[in-house]
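Below is one structure, written out as structure tokens; comments come after it.
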């Protein structure tokens, strides 16, 4: 039966392995659609190319020195990861979860339950109590949640990741360990639930998977409490591999790739409003990761990596991804107490790791004590290395502001040229919409920059033509980020005073004294 399913899936044309390539200037397409595109210049004022009569900078802003939380960026407090609630080191799990949610350094939260935990029986989701608690506390504490479902959880020692109703009907294939890796990978080889994979191409597995994704989307697609959903793919933790095992449950690469393309398409079809996030894991197990990653970028979804110090290939994808693609970095903090004497040339391993997360231009970084999750552990590391934690919290992701504002008048109409700056380390993971409102809240002009702009460390100009008779002073400048058709408010990352909603009231604040 399983072989028949493999043959059925194998009738189409697989693209084959996408070879490793440089990502800079690679043609991934033009990014998400831009509605109401603003004129982004240039704006010469002298003949013969003059497009505006005259202009002067009338207002400037400077970079904020504070943490500026926004959608599409931030530090993520891990509630569960590889081992479920067994990873939370506490005798009172609900109380420990509450402390983690309230940990002030994290702006987002993350959970990684297994398929068995969220759907023990066919037909409906039955979220475990700890997941319900996280979602409830997230709402109360104004934080959003990232989530991944595990179909294989090699660190769960007491139960399989798949529900019984799947295991009862889908054949599994025993995995063969790489002899050279037996010592390094003992924890996987010794766990009975790590040593097999299901026939993902089996008809019942495909049917059950489709149902699961549909149920998850009904609950989470477009849900304002959800920051992103990880694509859950082949093998361990859904990363796309089964290291250190050398075989897969598929008869050949073509069947594997077609199966995962089909399963990726199911996730893309259902999650139309919430970003999907796909691992940059190299295709160790030869199951089609490179094609799935390519499709992720082309569909304007996001990427993540679970390490930056292993597998060099991932650095290219992370550092040279398109501006509009967010990247999450899962780089765990040690579970043991901070070693204040373990520095190399005055730099501790934790400080070194944080510095390199910044180097790759991440939108998100994990606050996660590897296999020893607790707010107290996180706090100890923050107290040991506050400068590095504060630095990444202030720089991570995008930090946009209207750097310079020019004003001019043309036949009684007010024109603004605004140069938008990005003081962060990543592009805008979507499309930045900027709106000019009157003093009484009427929209005078609203439009968008090109996807991903302004780029980090650079300016992007845009023109706003306002109604006749409009005066500059008192106008309100608001920002939003558009991702998959959903708009999220953006707080300007400037030192100048903002309104409660994060908008900036325009005024002349530049004195031309030379």
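Residue numbers (the working numbering): 65 to 578. Note that CB positions come from ideal geometry on N, CA and C, so glycine has one too.
Item: Beta carbon of residue 352 nearer than 7 Å to that of residue 321; Value: yes
Item: Three CB pairs or more closer than 8 Å across the segment 524-534 and the segment 117-135; Value: no
Item: Close-in-space but distant-in-sequence residues of the same chain around residue 415 (CB under 7 Å, 5 per side omitted); Value: 449, 452
Item: The beta strand (DSSP E) enclosing residue 290, as first and last residue numbers; Value: 290-294
Item: CA-to-CA distance, residue 434 to residue 332, given in whole angstroms; Value: 30 Å
Item: Pick from 430, 493, 385 that is closest to residue 90, judged by C-alpha positions; Value: 385
Item: Identified DSSP bridge partners for residue 553; Value: 544
Item: Buried versus exposed, by CB contacts within 10 Å (16 or more), residue 269; Value: buried
Item: Beta strand (DSSP E) segment containing residue 362, residue limits; Value: Counting along the chain, residue 362 falls outside any beta strand (DSSP E), though it belongs to the alpha helix (DSSP H) covering 353-362.
Item: Through-space distance from residue 190 to residue 232, alpha-carbon basis; Value: 19 Å
Item: Through-space distance from residue 411 to residue 460, alpha-carbon basis; Value: 20 Å
Item: Cβ contact check for the segment 136-153 and the segment 563-572: 3 or more pairs under 8 Å; Value: no
Item: Proximal residues to residue 446 (C-beta, below 7 Å), its chain only, five neighbours per side dropped; Value: 169, 453
Item: Distance, residue 197 Cα to residue 208 Cα; Value: 13 Å
Item: Runs of beta strand (DSSP E) lying entirely within the segment 480-531, each at least 3 residues, in chain order; Value: 495-501, 507-512
Item: Where residue 252 sits in the DSSP three-state scheme; Value: helix
Item: 8 Å contact criterion, which residue 401 and residue 444 should meet: CB distance rounded; Value: 6 Å
Item: Beta-carbon separation (whole angstroms), residue 485 vs residue 464, contact threshold 8 Å; Value: 7 Å
Item: Residue closest to residue 99, alpha-carbon to alpha-carbon, out of 242, 220, 524, 494; Value: 494
Item: Beta-carbon separation (whole angstroms), residue 227 vs residue 184, contact threshold 8 Å; Value: 5 Å
Item: C-alpha distance - residue 424 paired with residue 265, whole-angstrom precision; Value: 36 Å
Item: Coarse secondary structure for residue 276, derived from DSSP in three states; Value: helix
Item: Where residue 201 falls, given that 16 or more other Cβ within 10 Å makes a residue buried; Value: buried
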